[in-house]
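Throughout the sequence shown, residue numbering follows the numbering used here, covering 875 to 1286 in sequence.
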Amino acid sequence: MRFESKLAWRHLVSGGGQTVLTVFAVAIAVTVIIFIQTLITGVQRRFIGDLVGSLPHVTVKAPDPLPKTLAEVTQQRDGELLATNQQKSVQQRTDLEQWQKLEVQLSQFPHVTTVAPAVRGSAFLIRGEKRFAITISGAEPAKQERISFLQKDLIAGRWLDLRPSEIVIGIRLAEDAGVRLGDRVRVQSAQGVTENYTIAGLIYTGNNATDLGQGFITLRDAQSLFRTGQNISSILLKLDDAFIADAVADQINASLPYKTESWMKDSAFILNAIRSQNQSRDMICGFVLLASSFAIASVLIVSVIQKQKQIGILKSMGARDKQILTVFTLEGLGVALAGALVGCVWGYGILRLLENIPQAARFGKVDKLFNIIYDPVIFGGAAGAAITATLIAAILPANRASKLNPVEVIRG
């Protein structure tokens, strides 16, 4: 291998501008792949963070009530079955009892990082003559924070030290209702309970469903507002990977007699959008690699043609086909390694430039236009893909060089 590596090195050095051009072709391919992969991955993570980040990955509820039997919905008179005129409840309560034990059980399932008992329900926020339909979430603020990450979206007031009879709402709801921090509002639940709350905090998430339609109170206040007593309506789970929510929900459903809901089933359109983005990303990167491979193969073929007489002389002096094949394969490897290194440096530099471009902010929140994530897997994957493509592109000219007939080459 010493002979082959020395000869390959001499070929690369003597190639001059041709070698530099080939290295740049590989570097550009690596740079483009890193750029596209990083931007799309960053967009996806911000997209998921905005739409899914504040949601529980899995929600555990009491099982749905069993349907009434025929005997329960009919009555008998003179030997005949008649429909009863008894008024049935339109909506049956399905609260979780003895939920403390269930909380411990759920925390032991794989991939579960946070377990938050909660009382959630529909209500109206009342301010004067205005009524706004909202969803009230009641939980211990420290546990709710690990589900919804509200602290980072807090633009005024308090959240983590929320006290009884206090509420946190979205800034857009506050604007529509004409209320400010410290004002008193009334909240009326679907159970007919009306309570007064002081606005202790205002949040802005950028998600209208939260900013216009949600309020956060303590667990005890929610139990009182929705008349659940000591019970709760659901247990919210956060996982270490949002995309395994279906599998974890199915596992819980198979192990425990409770109803589970996964964000993936409720937000199928988000998953379809992410899959489309991934397919587009992979297709673009594939075309970039293909174009780069053709360019590299063309340059290496020209290199073989230019060195035909040298190859003929080497073979006439006893160089074997395998050695010639190894020489040009090592040339391709050298170009690939150099190009991958340069491409990673270029990609990192471009991402650093894009990282500090600001985005128009609202309500005093400062954000960046691009969500840049320096993922070693992306850099390593781009470099590895380019090296592999370059070596494959080098096989054809290397194989052609090894098959040259020294007599015909020297005569020509």
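Positions of the beta carbon are idealized from the N, C-alpha and C atoms, including for glycine.
Asked	Found
The region 978-987 / the region 1096-1113 touching (three or more Cβ pairs under 8 Å)	yes
Interface flag, S1136 vs chain C, CB-CB below 7 Å	Included in the structure is just one protein chain, with no chain C present.
Assigned secondary structure, L1047 (DSSP; H/G/I helix, E/B strand, else coil)	helix
Contact set for P930: own chain, Cβ-Cβ below 8 Å, skip 5 residues either direction	A990, I1021, L1110, L1111, K1112 and W1137
For V926, the three-state DSSP class (helix, strand or coil)	coil
DSSP beta-bridge partners of S1063	A997
Those runs of the beta strand (DSSP E) which lie wholly inside the region 1088-1113 and span at least 3 residues	1088-1091 and 1108-1113
Distance, P1250 Cα to I1073 Cα	44 Å
Backbone CA spacing between V897 and Q911 [nearest angstrom]	21 Å
Bounding residues of the beta strand (DSSP E) (the contiguous stretch that carries F1006)	K1004 to G1012
Local conformation of L1076 per DSSP, three classes	strand
Residue range of the beta strand (DSSP E) that includes T1134	K1133 to S1136
Rounded distance between the beta-carbons of I1010 and G1087, thought under 8 Å	About 10 Å separates the two Cβ atoms, so there is no contact after all.
Cβ neighbours of R1001 in the same chain (closer than 7 Å, five flanking residues each side left out)	A1051, G1052, V1053 and V1059
Inter-residue CB distance, V1209 and I1170 (contact presumed, cutoff 8 Å)	7 Å
Cβ pair L1036, T1092 closer than 7 Å	yes
Per DSSP, the bridge partner or partners of N1070	R1060
Cβ-Cβ separation, I1252 to I908 (assumed contact under 8 Å), whole Å	6 Å
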